[in-house]
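For the sequence shown, the positions run 129 to 272 when this note's numbering is used.
Think of the CB as a built atom: it goes at the ideal place given N, C-alpha and C, for glycine as much as any other residue.
Computed from a prediction, not measured in an experiment: that's the story for all the values here.
Below is one structure; the comments refer to it alone.
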Amino acid sequence: MNLVDCSHFFGKNLLWLPVVHYTLGYRIFLWGFLDIVATREFYEYVTDEDTLNKRLGHFLWISHLLVVVEWCIIIKFWDPAFNQPFPYEVVFCWSIAFVILSLIGVKLLINDIMEIIRNQRINGKVGIITNKKNSVNEIVIEEN
């Protein structure tokens with residue numbers, strides 16, 4: 129939600145829209161109702177115990193797409209408004225934060241994938257076979 133609020137501010141500033149404009153009203157109305165459904169879908173995704181059938185909902189994907197489109201518009205009109213470079217310290221700190229958060233995300237993704245494989249193995253849907261030619265273990269999904 130904070131990213132949506134930030135893009136609202138940048139959209140007003142970069143596109144030179146007045147504070148009271150019908151486009152901004154429609155946008156807030158759309159996001160208000162979209163966020164209700166997208167938040168519920170995200171909550172269901174996070175709290176669902178069935179790790180094999182987890183899927184993000186349609187409205188959550190639509191909200192992500194809308195944020196990306198808004199930020200593409202902001203980046204297109206970014207240059208004339210902000211023409212001074214960022215200080216080196218700010219770029220360095222945000223780069224470190226981005227790398228750390230990316231590594232944490234990759235680690236969590238790998239943990240989830242390993243948990244799904246472990247659950248499939250326990251349920252008997254995955255077996256480990258040995259290739260006789262070069263002795264490589266492969267994971268094969270068997271149909272029941």
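Would DSSP call residue i helix, strand or coil?
i: Phe-183; result: Per the sequence presented here, residue 183 reads as Arg, with Phe not at that position. Of the three classes helix, strand and coil, the one that applies to Arg-183 here is coil, per DSSP.
i: Pro-215; result: coil
i: His-192; result: helix
i: Pro-288; result: With the chain represented from 129 up to 272, any question about residue 288 goes unanswered, as that position is not in the structure.
i: Asn-284; result: Residue coverage of the chain in this structure runs from 129 to 272, which leaves residue 284 outside it and unanswerable.
i: Asp-240; result: helix
i: Asn-251; result: coil
i: Val-148; result: coil
i: Asp-133; result: helix
i: Glu-198; result: helix
i: Glu-177; result: coil
State the CB to CB distance for the pair residue i and residue j, rounded to an integer number of angstroms; the pair is presumed to be in contact (CB under 8 Å).
i: Ser-135; j: Ile-190; result: Rounded, the Cβ-Cβ distance is 15 Å, inconsistent with contact.
i: Glu-198; j: Gly-185; result: Not confirmed; about 20 Å, so no contact.
i: Val-174; j: Val-132; result: Rounded, the Cβ-Cβ distance is 19 Å, inconsistent with contact.
If we ignore side chains and look at the alpha-carbon of each, how far apart do residue i and residue j end up?
i: Ile-228; j: Leu-237; result: 14 Å
i: Gly-233; j: Tyr-150; result: 39 Å
i: Ser-223; j: Asn-251; result: 42 Å
i: Phe-138; j: Gly-160; result: 18 Å
i: Phe-226; j: Asp-178; result: 30 Å
i: Phe-214; j: Pro-208; result: 15 Å
i: Thr-167; j: Leu-188; result: 8 Å
i: Asp-176; j: Arg-183; result: 10 Å
i: Val-142; j: Glu-243; result: The sequence shown places Leu at residue 142, rather than the Val named in the question. Distance between the alpha carbons of Leu-142 and Glu-243 is about 45 Å.
i: Gln-212; j: Gln-248; result: 54 Å
i: Leu-152; j: Asn-239; result: 41 Å
i: Trp-144; j: Lys-235; result: 42 Å
i: Pro-146; j: Phe-157; result: 17 Å
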